[in-house]
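The opening residue of the sequence shown carries number 3 in our numbering; numbering runs sequentially from there.
Don't be surprised by glycine CBs; every beta carbon is placed ideally from N, CA and C.
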Amino acid sequence: MKVGRLWRWLFIGVCLLGGASSAWADNVEKIRVTAKRLDQAREALQPSIGATQTHFSRQAIEANPGGDNAGMNSLLLQAPGVAQDSYGQLHIRGDHNNVQYRLDGVALPEGMSVFSQVLMNRFAHDLSLTTGVLPAQYGFRQAGVIDITTKNGFTDKGGILSVYGGSRDYGQPSVQYGGHWGKWDGFITADAVHNRVGIENPTPSYNALHDLSTQYHMMAHLRYTVRPQTRISLTAGVANGWYQLPNNPGQQRQFATPLFKNQGPSAQAANVDSSRLDERQQELTDFAMLSWQENHDNFSMQTSAILRYSSLRYSPDEVGDLVYNGIAQRAARSVFSSGVQNDTTWKIAKNHTLRGGFQAYGERVINKTDSLVYPVTEGGQVGSTPERIHDGSGKSGALYGAYLQDEWRITPSLTLNGGFRFDGVEQYTHAHQLSPRITLVWTPWKGGRFHIGYARYLTPPPFENLGSSSLYKFANTSAAPANFGNSAVKAERDNYYDVGFMQKLLPGWHVGIDAYLKRAKNLLDEGQFGAPVMLASYNYRKGKVHGYEFTTDYTNGPLTLYGNFAWSRAMGKDINSAQWNFDPDDLATMRKQWVHLDHDQRWTASAGAAYRFFHRTTHPLQLSGSMVYGSGLRKDSATTPNGATVPQYVTFNLSAVQSVKTPLWMGGGVMRFRLDVVNLFDRHYELRDGTGIGVGAPQYGLRRTVMGGVSYQF
Numbered sequence: 003m004k005v006g007r008l009w010r011w012l013f014i015g016v017c018l019l020g021g022a023s024s025a026w027a028d029n030v031e032k033i034r035v036t037a038k039r040l041d042q043a044r045e046a047l048q049p050s051i052g053a054t055q056t057h058f059s060r061q062a063i064e065a066n067p068g069g070d071n072a073g074m075n076s077l078l079l080q081a082p083g084v085a086q087d088s089y090g091q092l093h094i095r096g097d098h099n100n101v102q103y104r105l106d107g108v109a110l111p112e113g114m115s116v117f118s119q120v121l122m123n124r125f126a127h128d129l130s131l132t133t134g135v136l137p138a139q140y141g142f143r144q145a146g147v148i149d150i151t152t153k154n155g156f157t158d159k160g161g162i163l164s165v166y167g168g169s170r171d172y173g174q175p176s177v178q179y180g181g182h183w184g185k186w187d188g189f190i191t192a193d194a195v196h197n198r199v200g201i202e203n204p205t206p207s208y209n210a211l212h213d214l215s216t217q218y219h220m221m222a223h224l225r226y227t228v229r230p231q232t233r234i235s236l237t238a239g240v241a242n243g244w245y246q247l248p249n250n251p252g253q254q255r256q257f258a259t260p261l262f263k264n265q266g267p268s269a270q271a272a273n274v275d276s277s278r279l280d281e282r283q284q285e286l287t288d289f290a291m292l293s294w295q296e297n298h299d300n301f302s303m304q305t306s307a308i309l310r311y312s313s314l315r316y317s318p319d320e321v322g323d324l325v326y327n328g329i330a331q332r333a334a335r336s337v338f339s340s341g342v343q344n345d346t347t348w349k350i351a352k353n354h355t356l357r358g359g360f361q362a363y364g365e366r367v368i369n370k371t372d373s374l375v376y377p378v379t380e381g382g383q384v385g386s387t388p389e390r391i392h393d394g395s396g397k398s399g400a401l402y403g404a405y406l407q408d409e410w411r412i413t414p415s416l417t418l419n420g421g422f423r424f425d426g427v428e429q430y431t432h433a434h435q436l437s438p439r440i441t442l443v444w445t446p447w448k449g450g451r452f453h454i455g456y457a458r459y460l461t462p463p464p465f466e467n468l469g470s471s472s473l474y475k476f477a478n479t480s481a482a483p484a485n486f487g488n489s490a491v492k493a494e495r496d497n498y499y500d501v502g503f504m505q506k507l508l509p510g511w512h513v514g515i516d517a518y519l520k521r522a523k524n525l526l527d528e529g530q531f532g533a534p535v536m537l538a539s540y541n542y543r544k545g546k547v548h549g550y551e552f553t554t555d556y557t558n559g560p561l562t563l564y565g566n567f568a569w570s571r572a573m574g575k576d577i578n579s580a581q582w583n584f585d586p587d588d589l590a591t592m593r594k595q596w597v598h599l600d601h602d603q604r605w606t607a608s609a610g611a612a613y614r615f616f617h618r619t620t621h622p623l624q625l626s627g628s629m630v631y632g633s634g635l636r637k638d639s640a641t642t643p644n645g646a647t648v649p650q651y652v653t654f655n656l657s658a659v660q661s662v663k664t665p666l667w668m669g670g671g672v673m674r675f676r677l678d679v680v681n682l683f684d685r686h687y688e689l690r691d692g693t694g695i696g697v698g699a700p701q702y703g704l705r706r707t708v709m710g711g712v713s714y715q716f
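Here's what the structure looks like:
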């Protein structure tokens, strides 16, 4: 009797547990579907109608050399019209930076990073680069928009432990984990990087002198689904880096005065060697975004609050910098930004979708310098005793913008997207502009699409690159500027035109061509002036940029092929701000004639292939390769600033990733073994030769580098 009663209770318990498990599974599936629907609604808030977009899937990210271990810039070089520069900088369609980064549609305010990769591939589930005539929701930085769909607890469930490293003492351990718990889902990832390739080598040698770097990256993403129509999410990240600045042996001392022939510290100065300097730079970044999303039948909205703090500190070699440059300057700069962003979509009729929103940011920039210089007499005699000059400034400013646009489906094959954007800047400069944006997209036949568009842009100067240095303090010193012109850096105003065509030739095969033209007033550019590697902004009174792009890609099962090339020309005339950074002869030349911008590269190309062997098994092997070509950035000619180019170059990279499903007694996870070879043929190539407007030291590309790693996914 007791045994029978026990079996009855066991039977009832199993039924209840099964019912509860089924109910729990149904609930999880409902939340998963809700999360996917909200993700799709968020993406619909910011369409790329009429713009040119390059998409990088998770598979494309993993096929790139380094995969998740690489910085995002190495991936973006595979997009059309993207040229590489020193310090990991990118130039899109002939612009210097002028790029905005978005995480899940929320714009990240600009920061101070020069060397650091603030955003890593590891953060992204996928990402896209949008260029051309941008819809009205995109403002302030408009050469390109990099929108990152971050990993989350649904699409990237589980954990990964990884160790990666190789040439030049490279080591990079990392961890990531994602999961969902009821109405909550979250994802977190972190890594640490230690290597001896923090900054490009100023010589063609295999290893740079004094080039150690240590970096840390972290990002966390937490979401709560309040109800099927409402979700709250929090994204936060940290990127910190410490760098040694590489040395360039054999440099000539510029200030070999009698000071260096005495005893004590002066004797030390006389013997200082440019290969033994100790210059260092620190870059810190923290950011956070809190978003509230609503999605209803014909209405969706996302409102976000954003914070970002970024700082940069340069520590000189006091003796060496003084001997070689005439100034040893300890510099610190920081910027704190806080703001709000709203994007709203309302489908007001069958053929009309109205979109509107706003952005507003308050910012605070602080600059401090402590300089050691030599006094100089009116006759040009350099004094024997250095003197110290303290300088500093702080400034608060604001950026704001609002937009309204209508997507009108005139016919099933013809769409007009038009609207206006109003932007304002209240910083060191004050500017306002109402800007029309209009694009027409025509699909005349299956697989074919034409687009043509026009946009008016207002681009404020990067607040973090500006300052109010007291030039008069450096008069009659070894750091005195060649001139004391210091007109305020102005906002750039553009008329931008774009036309293109995309055709699907066969299933999986696409080709596209695009042409663009930009006419600019007060064209913005950036350069490095002086030993601290901090970029400074300035204007050309007039600017013109135009170019062409061709792209093709093919995907068929485990095979992926792509290729693109671009031609570009970027010119400027008459520098009309921050003139003290320039030689008077160069200013006179540029006042009379057009000159190439220092980042102008005539031809840019990239290509790649990937194949996944045994893709239907538990042990697939992926082999991939990529290529990057550049015709060379600008350098000075004998008579003209930026009048020549450095030599052209091409590099090839290879990757192999072997996946193995482990047995249950080992956890049943997936082991991945990765091998990457960057610059396969060890080509010596020069990115910069140390001349050109706003160009610092020579910079050479990375020599052959072999990397390997192992990861375990559970």
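Check: What residues in its chain sit with their C-beta under 8 Å from that of H298, if we drop five residues either side in the sequence?; Outcome: Q231
Check: Which of helix, strand or coil does DSSP assign to Q265?; Outcome: Residue placement at Q265 is poorly supported in this model, since its pLDDT is 41, which falls under 50; the coordinates are not used for a value here.
Check: Among the candidates Y613, M573, G502, whose CA atom is the shortest distance from the CA of R604?; Outcome: M573
Check: Going by the CB atoms, is the gap between P700 and T363 shorter than 8 Å?; Outcome: Reading off the sequence, residue 363 comes out as Tyr, not Thr. For Y363 and P700, no; Cβs fall outside 8 Å.
Check: According to the neighbour-count rule (16 or more other Cβ atoms, all chains shown, within 10 Å of its Cβ), is P206 buried or exposed?; Outcome: exposed
Check: Suppose you measure from the CA of D187 to the CA of L401; what does that come to, to the nearest Å?; Outcome: 33 Å
Check: Apart from the five residues on each side of it in sequence, which residues of its chain come closer than 6 Å, Cβ to Cβ, to R198?; Outcome: R170, D171, D213, L214
Check: Identify whether K637 lies in helix, strand or coil by the three-state DSSP scheme.; Outcome: strand
Check: Taking the beta carbon of M122 as the centre, do at least 16 other beta carbons fall within 10 Å, making it buried, or is it exposed?; Outcome: buried
Check: If distances are taken between C-alpha atoms only, which option among E551, Q343, S313, Q407 comes closest to M291?; Outcome: Q343
Check: In chain order, what residues of the same chain have a beta carbon less than 6 Å from the beta carbon of D106, not counting five sequence neighbours either side?; Outcome: T152
Check: What does DSSP give as the partner residues of T606 in its beta bridges?; Outcome: A568, G632
Check: Name the DSSP bridge partner or partners of H127?; Outcome: In the DSSP output, where bridge partners are listed per residue, H127 has none listed.
Check: Enumerate, from N- to C-terminal direction, the unbroken alpha helix (DSSP H) stretches of 4 or more residues contained entirely within the segment 264-333.; Outcome: 267-272, 320-327
Check: I'd like to confirm the pairing. Which residues does DSSP put opposite L110 in its beta bridges?; Outcome: Y103
Check: Which residues in the same chain as Y456 place their Cβ atom closer than 6 Å to its Cβ, once the five residues preceding and following it in sequence are excluded?; Outcome: I440, Y499
Check: Is the segment 562-580 in contact with the segment 597-613, if contact means three or more CB pairs nearer than 8 Å?; Outcome: yes
Check: Is it right to say E389 is buried, meaning 16 or more other beta carbons lie within 10 angstroms of its own, or is it exposed?; Outcome: exposed
Check: In this structure, does DSSP put S24 in helix, strand or coil?; Outcome: Confidence at S24 is low in this model, with a pLDDT of 43, below 50, so its placement is unreliable and the value that follows should be read with caution. The answer is helix: DSSP assigns S24 an H, G or I state.
Check: Hey, could you find the ends of the beta strand (DSSP E) D555 is sitting in?; Outcome: 537-558
Check: Are there three or more Cβ pairs, one per stretch, closer than 8 Å when the segment 59-70 is compared with the segment 125-143?; Outcome: yes
Check: Helix, strand or coil for R731? Go by DSSP, reduced to three states.; Outcome: Look at the range of the chain in this structure, 3 to 716, and you will see that residue 731 is not part of it.
Check: By DSSP's criteria, S591 is part of a beta bridge. Which residues make up the other side?; Outcome: In the sequence as displayed, the identity of residue 591 is Thr instead of Ser. DSSP lists no partner for T591.
Check: Can you have a look at W26 and say buried or exposed, based on whether 16 or more other CB atoms are within 10 angstroms of its CB?; Outcome: Reliability fails at W26, whose pLDDT of 43 lies under 50, so the model's placement of it is uncertain and no value is given.
Check: Could you say which of R143, G113, H223, Q217 lies nearest to T157 if we only look at CA atoms?; Outcome: H223
Check: How long is the line joining the alpha carbons of V345 and P67, rounded to whole angstroms?; Outcome: Reading off the sequence, residue 345 comes out as Asp, not Val. Cα to Cα, D345 sits roughly 35 Å from P67.
Check: If I measure Cβ to Cβ from V547 and keep anything under 6 Å in the same chain, skipping five residues before and after, which residues do I get?; Outcome: G96, K520, A572
Check: Is the CB-CB distance between M74 and Q119 below 8 Å?; Outcome: yes
Check: For Q55, which beta-bridge partners are listed by DSSP?; Outcome: T132
Check: On the three-state DSSP scale, how would you describe W582?; Outcome: helix
Check: Can you check DSSP and say which residues form a bridge with H434?; Outcome: G426
Check: Please name the residue or residues paired with V679 in a DSSP beta bridge.; Outcome: L656, V708
Check: Given this structure, state the Cα-to-Cα distance separating P377 from N478, to the nearest angstrom.; Outcome: 6 Å
Check: Once DSSP output is grouped into helix, strand and coil, what is the label at E466?; Outcome: helix
Check: Counting C-beta neighbours from all protein chains within 10 Å, is the total for D323 16 or more, i.e. buried, or is it exposed?; Outcome: buried
Check: I'd like the list of long-range same chain contacts for Q178, defined as Cβ closer than 6 Å, with 5 residues on each side in sequence excluded.; Outcome: I162, T191
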